[in-house]
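J.: Counted the way our numbering counts, the sequence shown spans residues 1 to 181.
Following this message is one structure expressed as structure tokens.
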Amino acid sequence: MSSKKVEIIYFYSDMHEDEDELSSVSRKLSQKRRDINIHLINIDDPRNEELTELYEVNIVPLLVFLTPRGEIAARLSVPLSAEDVVQEIADRINMGKLPNPAVEERRRKILENLKSINRRNDLTEVIIEQIETDLMEALTESEIAEMVNSHVSAVNHAISDLKEIKKVLKRYQKPRNDFVV
Numbered sequence: 001m002s003s004k005k006v007e008i009i010y011f012y013s014d015m016h017e018d019e020d021e022l023s024s025v026s027r028k029l030s031q032k033r034r035d036i037n038i039h040l041i042n043i044d045d046p047r048n049e050e051l052t053e054l055y056e057v058n059i060v061p062l063l064v065f066l067t068p069r070g071e072i073a074a075r076l077s078v079p080l081s082a083e084d085v086v087q088e089i090a091d092r093i094n095m096g097k098l099p100n101p102a103v104e105e106r107r108r109k110i111l112e113n114l115k116s117i118n119r120r121n122d123l124t125e126v127i128i129e130q131i132e133t134d135l136m137e138a139l140t141e142s143e144i145a146e147m148v149n150s151h152v153s154a155v156n157h158a159i160s161d162l163k164e165i166k167k168v169l170k171r172y173q174k175p176r177n178d179f180v181v
């Protein structure tokens, strides 16, 4: 990887995108922006399994932006063809605005605290995975705050809905002596 360029790693799947089309988009972007290098990584290729794990790819498409020093500056689940987004993030990295240490610290703390939650059911797992994904894409403190507020609201609504479901089901529940709550 070049030491003076923003590195963009684009994770994709054969099932959703054509490699030839991606190569064309990549070439066009690289010609417009001499300060970036784009690497196309097909997650369906077993040779890329290690990279996929290293960058914790759990959704495609995924753009991972690295600073010239190799730090992860941004992760976004947008297609490579979203040229305006790619250019904006590259500009922010070149201006030294990404990565933001305060944002990285807040993200780290939230992710660490989420690890302590017991994931006893699929619903909890889905909610936490969505929070983690959204958190990884937040680039500013205000985006993190907005994401947190949105998920707190969604969890509150889910709790209310689950209480209603419980009431309905309790009416039809037969008592069981061997069932422990």
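For every residue, glycine included, the Cβ atom is placed at its ideal position computed from N, Cα and C.
DSSP state of residue 156, grouped into three classes?
T.: Residue 156: helix per DSSP, three-state reduction.
J.: Buried or exposed, going by whether 16 or more other CB atoms sit within 10 Å of the CB of residue 124?
T.: Exposed.
J.: Which complete beta strand (DSSP E) runs does the segment 65-135 hold, if anything under 3 residues is left out?
T.: Those beta strand (DSSP E) runs which fall completely within the segment 65-135 and span 3+ residues are 72-76.
J.: I'd like to check one pair, residue 144 with residue 107: are the Cβ atoms closer than 8 Å?
T.: Contact flag set, yes.
J.: Over the uninterrupted beta strand (DSSP E) stretch that includes residue 25, give me the two end residues.
T.: It is not in any beta strand (DSSP E) - residue 25 instead sits in the alpha helix (DSSP H) that spans 19-32.
J.: Kindly indicate the opening and closing residues of the alpha helix (DSSP H) around residue 53.
T.: That run of the alpha helix (DSSP H) goes 49-54.
J.: Could you please give the first and the last residue of the uninterrupted beta strand (DSSP E) stretch that includes residue 59?
T.: Careful: residue 59 lies outside any beta strand (DSSP E) and carries neither H nor E.
J.: Thinking just about the alpha-carbon of each residue, which of 82, 67, 119, 80 is nearest to the one in residue 95?
T.: Closest option to residue 95, Cα to Cα, is 67.
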